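Colleague: Note that the protein sequences, when read in sequence, are chains A and B.
If you number the first sequence the way this note's numbering does, the last residue is 315 and the count never jumps.
If you number the second sequence the way this note's numbering does, the last residue is 609 and the count never jumps.
Cβ atoms here follow ideal geometry from the backbone N, Cα and C, with glycine treated the same way.
Keep in mind that this is a model prediction, so the values were computed, not measured.
Provided herewith is a single structure, encoded as structure tokens, for subsequent inquiry.
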Amino acid sequence: MSGRFLYPRLTDRAAMQLREALLATPMDKAGDTHSLSHPAAYFAAVGGERVDEETLHKIRRSVLEALEPWLRRARAGQLHRGNRAEMDGPLGAVLHETMDIIPADAAHDGTWSFLSLVLLPEVTKARFPDGHVNRWLGRPRNALRRTWWRQHVLGDMEVPSGATPLGEDELVGLFERPTLASDARLVRLLARRILEHRGPDRSHFARRLSKRVLAELAFTETALLDDAELEALVEEAVRSRSASPRTDGVEVSTAGRTEDKAAEERAPWTGSVRTGTEGSRQPEKRRGLARLLRPKAGQSGRGDLAPDDRLPPPP
Amino acid sequence: MVRQVIAPKRTAPAAVAFEPWNVSIASDSAEAAPLGEMPPWDYSMALRFSCEVFVDLERAISDCGLPPTATFALVAFAECRDTYWRAADVHPARTGRMALSVRVPAGVAANSLRLGRRLVVQSAPPSSDVLVPAKGHVVAGADDATTVVLEGDGGRFPTQAISFSEVGLPADAPWHLSLSYDDPTDSFAGSVQLLLNTDHERVARMIGENPDSADAADVQAHLAFDVARQLIMQAVRDDRLDSSKSWEEDSVGAVLESVCARTRRRNATGCRAAVAQDPQGFETELKAQLGYMR
Chain A
1 MSGRFLYPRL TDRAAMQLRE ALLATPMDKA GDTHSLSHPA AYFAAVGGER
51 VDEETLHKIR RSVLEALEPW LRRARAGQLH RGNRAEMDGP LGAVLHETMD
101 IIPADAAHDG TWSFLSLVLL PEVTKARFPD GHVNRWLGRP RNALRRTWWR
151 QHVLGDMEVP SGATPLGEDE LVGLFERPTL ASDARLVRLL ARRILEHRGP
201 DRSHFARRLS KRVLAELAFT ETALLDDAEL EALVEEAVRS RSASPRTDGV
251 EVSTAGRTED KAAEERAPWT GSVRTGTEGS RQPEKRRGLA RLLRPKAGQS
301 GRGDLAPDDR LPPPP
Chain B
316 MVRQVIAPKR TAPAAVAFEP WNVSIASDSA EAAPLGEMPP WDYSMALRFS
366 CEVFVDLERA ISDCGLPPTA TFALVAFAEC RDTYWRAADV HPARTGRMAL
416 SVRVPAGVAA NSLRLGRRLV VQSAPPSSDV LVPAKGHVVA GADDATTVVL
466 EGDGGRFPTQ AISFSEVGLP ADAPWHLSLS YDDPTDSFAG SVQLLLNTDH
516 ERVARMIGEN PDSADAADVQ AHLAFDVARQ LIMQAVRDDR LDSSKSWEED
566 SVGAVLESVC ARTRRRNATG CRAAVAQDPQ GFETELKAQL GYMR
């Protein structure tokens, strides 16, 4: 079995109480609220070995050491939006290296609520100071959870010379499409292809590429393809200048939804700028945008897309 | 709204007929059971899902417009979206009834699994017809999907099987109940753990190769009584539990009170009074009321 430990879990109710308390705590005091246990914490009933407090302490120490430059600036009130996202890469790496968690346990919200709000509250607050529940509670977009899973699935991705590391919206585009992210070979290939892209708008390229490959997967079984054939499938999606009949509708009608996933942040995997906050989401506006993008009756979907809605040619 | 999926290549949905999935513990020699009779599962257990499929390759070839030299594969896959995990077993297809299976290793899946089966082109000569499927294209089963719920909402008693000799517990003891809490408001599931000794021959058989035997049932009966008895005696010792208080659901206090409620004393206060009056008599009472050796 991969992974050894089960971790404590917090109920949403207990997590919300801790969130309220942490919101009211200044950043330079957030670390003082940490603990290795919580009265409301519980473990998965069966299926593994419970992590001990000594291991939790080691994890905390390793994370704090790895993130010290950012945490120091956060305590001094000098950690700005652009720098916060830089924490994600080292955070995912150190969590993945030290936790030895059973992946099944890492799929539970309560596990990440405990880690975010009990064990490492200052890290959570430094990364997402606004305290959005999706970031502080252990949901899929949790401050710690998403970095662990990205590290688990992608491993240490080598960034080509001169390329920017994967951005938050590019990673969201891959990981919030589980059909892509569940196929380890494919998602690594896609990540590498996105990193190699030299065009002007890589995020746009990444979104289009993910959607086209996803459409292809509905009728293609990757288990039968060797590495070269899988790479050819991805390159075909890159080259494709006109989508299949099925993808016309998909691309147009989901444009707004994809933006939902990606728009709240524009920050690379290790270092860039985060813009906007989840608190400023405007779903009505986006629905309106999606409506505008939807082809009118009597018009074909593809023909109505703007020229820049197509993937640029490969470098 | 009717959902119509249009495949970009020719397909042959009539060339296969899928039978329902069955499930078994991968390490178990027991026969596979229907999905509805899923055995108790936890992260440490590997599962095997199996099914039968009837394949008509002639039909597949003609419906897809492929030459007779084309070959197909049957693919059984399992994927867990919560853990970004997928496994696919590829079986060369032949006409007739075929058995498919896919294994889910321990620890890789949580919450639920999605199972699917597909007939896929394994090899085919190049065709000038753009509608003819090629290697990797799914010709049947693209929409075949079954969801298996692995983890229900019901609570389970926190349990771990370990070697007592390795952790310094008496090697001949069959089990140990660990109950540690600061306050009765603490989470019960976070405060209690039942340790089963894998060094103990009968316990090892119960949790291992022979969980359905008469001996395993006997061990389980002793275990259930002993755990209930220990919890009741803990409630008796903890005088913070009294009948004037109510406890939050799933807290130590609530669970201990609920176990005491199984006795005729009805709560921890009543049990405590009975122990104070006649300890041995209370033990005998427990054996009767908890159905020990019945």
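Does any CB atom of chain B fall closer than 8 angstroms to the CB of Glu49/A?
Modeller: Closer than 8 angstroms to some Cβ of chain B, the Cβ of Glu49/A qualifies, so yes.
Colleague: Is Val463/B closer than 8 angstroms to Leu428/B when the C-beta atoms are compared?
Modeller: Taking 8 angstroms as the Cβ cut-off, Leu428/B and Val463/B qualify as a contacting pair.
Colleague: To the nearest angstrom, report how far apart Asp169/A and Val187/A are at their CA atoms.
Modeller: Near 15 angstroms, if we compare the C-alpha coordinates of Val187/A and Asp169/A.
Colleague: Just grab the DSSP bridge partners of Pro349/B for me.
Modeller: The partner list for Pro349/B (beta bridge, DSSP) reads Asn337/B.
Colleague: Would Gln437/B count as contacting chain A if we go by Cβ distances under 8 angstroms?
Modeller: With 8 angstroms as the cut-off, Gln437/B counts as an interface residue toward chain A.
Colleague: If you draw a straight line from the C-alpha of Gln151/A to the C-alpha of Ala93/A, how long is it?
Modeller: Looking at the two C-alpha atoms, the distance is approximately 6 angstroms.
Colleague: Label Glu352/B either buried or exposed according to how many other C-beta atoms from any shown protein chain fall within 10 Å of its C-beta, with 16 as the threshold for buried.
Modeller: Its Cβ having fewer than 16 others within 10 Å, Glu352/B is exposed.
Colleague: Relative to the C-alpha of Ser377/B, which residue among Arg520/B, Ala329/B and Ala536/B is closest?
Modeller: Considering only alpha carbons, the answer is Ala329/B.
Colleague: Taking all protein chains shown into account, do 16 or more other C-beta atoms lie within 10 angstroms of the C-beta of Ala603/B, making it buried, or fewer, making it exposed?
Modeller: Ala603/B comes out exposed.
Colleague: Given this structure, state the Cα-to-Cα distance separating Val405/B from Glu367/B, to the nearest angstrom.
Modeller: Cα to Cα, the separation comes out at about 14 angstroms.
Colleague: Could you name the residues that DSSP lists as bridge partners for Cys400/B?
Modeller: Note on identity: in this sequence residue 400/B is Trp, with Cys being the wrong assignment. Its beta-bridge partners are Cys395/B.
Colleague: At 7 angstroms on the CB atoms, spell out the chain A contacts of Thr398/B, in chain order.
Modeller: Those are Pro103, Ala104 and Ala107, listed as they occur along chain A.
Colleague: Confirm the yes/no value for this check: CB of Ser438/B, any heavy atom of the ligand MG, distance under 7 angstroms.
Modeller: For the ligand MG, the structure offers nothing, since it holds no ligand at all.
Colleague: Of the choices Arg517/B, Asp497/B and Val419/B, whose alpha-carbon is the least far from that of Ala529/B?
Modeller: The residue with the shortest Cα to Cα distance from Ala529/B is Arg517/B.
Colleague: If we define contact as Cβ-Cβ less than 8 angstroms, is Ser244/A a contact residue for chain B?
Modeller: Because Ser244/A sits at a pLDDT of 39, beneath the cut-off of 50, its placement in the model cannot be relied upon, and the point is left open.
Colleague: Measure the C-alpha to C-alpha separation of Leu224/A and Leu117/A and round it to an integer number of angstroms.
Modeller: When rounded, the distance between both Cα atoms is 44 angstroms.
Colleague: Report the rounded CA-to-CA distance for Gln549/B versus Leu571/B, giving the unit in angstroms.
Modeller: Whole-angstrom Cα-Cα distance: 8 angstroms.
Colleague: Under a Cβ-count criterion, where at least 16 other Cβ atoms within 10 Å of its own Cβ denotes burial, should Met608/B be classed as buried or exposed?
Modeller: Result: exposed.
Colleague: How long is the line joining the alpha carbons of Lys324/B and Val447/B, rounded to whole angstroms?
Modeller: Roughly 6 angstroms separates the two Cα atoms.
Colleague: Show which residues of chain A have a CB atom less than 9 angstroms away from the CB atom of Gly505/B.
Modeller: Ordered by position in chain A, the residues that pass the 9 angstroms Cβ test against Gly505/B are Pro8, Arg9, Ser37, His38, Pro39, Ala40, Ala41, Tyr42 and Phe43.
Colleague: If you follow the beta strand (DSSP E) that Asp369/B is in, where does it begin and where does it stop?
Modeller: At residue 369/B the sequence reads Phe, which differs from the Asp that was named. Leu362 to Val370 is the span of the beta strand (DSSP E), which, as asked, contains Phe369/B.
Colleague: Note down, in chain order, each residue of its chain lying with its Cβ closer than 7 angstroms to the Cβ of Trp356/B, except the 5 sequence neighbours on either side.
Modeller: Only Leu362 and Leu465 meet the Cβ criterion.
Colleague: Between the C-alpha atoms of Gly596/B and Gly585/B, what's the straight-line distance to the nearest angstrom?
Modeller: Cα-Cα distance, rounded: 14 angstroms.
Colleague: For the segment 358–388 of chain B, list every residue whose C-beta sits within 9 angstroms of some C-beta in chain A, in sequence order.
Modeller: The segment 358–388 of chain B vs chain A, Cβ under 9 angstroms: Tyr358, Ser359, Met360, Ala361 and Ala388.
Colleague: With a 10 Å radius around its C-beta and 16 neighbouring C-beta atoms as the bar for buried, classify His96/A as buried or exposed.
Modeller: The residue is buried, with at least 16 neighbouring Cβ atoms inside 10 Å.
Colleague: Along the segment 213–226 of chain A, what residues have a CB closer than 8 angstroms to any CB found in chain B?
Modeller: Within the segment 213–226 of chain A, the residues whose Cβ lies closer than 8 angstroms to some Cβ of chain B are Ala218, Phe219, Thr220, Glu221, Thr222, Ala223, Leu224 and Leu225, listed in chain order.
Colleague: Considering just the uninterrupted stretch of the beta strand (DSSP E) at Met99/A, what are its terminal residues?
Modeller: Note, Met99/A: premise wrong, no beta strand (DSSP E); alpha helix (DSSP H) at Asp88 to Met99.
Colleague: Taking C-beta to C-beta, are Thr461/B and Gly568/B nearer than 8 angstroms?
Modeller: Contact flag unset, no.
Colleague: Confirm, please, whether the CB-CB distance from Trp136/A to Ala143/A is below 8 angstroms.
Modeller: Yes.
Colleague: Does Ser210/A get closer than 8 angstroms to chain B when you measure Cβ to Cβ?
Modeller: By this cut-off, Ser210/A is not an interface position.
Colleague: Taking 8 angstroms as the cut-off, decide whether the C-beta atoms of Phe5/A and Gly47/A are in contact.
Modeller: Against a cut-off of 8 angstroms, the Cβ pair of Gly47/A and Phe5/A comes out as no contact.
Colleague: Should Ile321/B be labelled buried (16 or more other beta-carbon atoms within 10 Å of its own) or exposed?
Modeller: Result: exposed.
Colleague: For Ser62/A versus Thr111/A, is the C-beta distance shorter than 8 angstroms?
Modeller: Cβ atoms of Ser62/A and Thr111/A: not closer than 8 angstroms.
Colleague: Checking the sheet assignment: what are the DSSP bridge partners for Ile477/B?
Modeller: Ile477/B pairs with Asn512/B.
Colleague: What is the DSSP secondary structure of Ser502/B, counted as helix, strand or coil?
Modeller: Here Ser502/B sits in strand by DSSP.
Colleague: Just by C-beta distance, which residues in the segment 515–548 of chain B are closer than 8 angstroms to chain A?
Modeller: Under the 8 angstroms Cβ criterion, the segment 515–548 of chain B contributes no residue.
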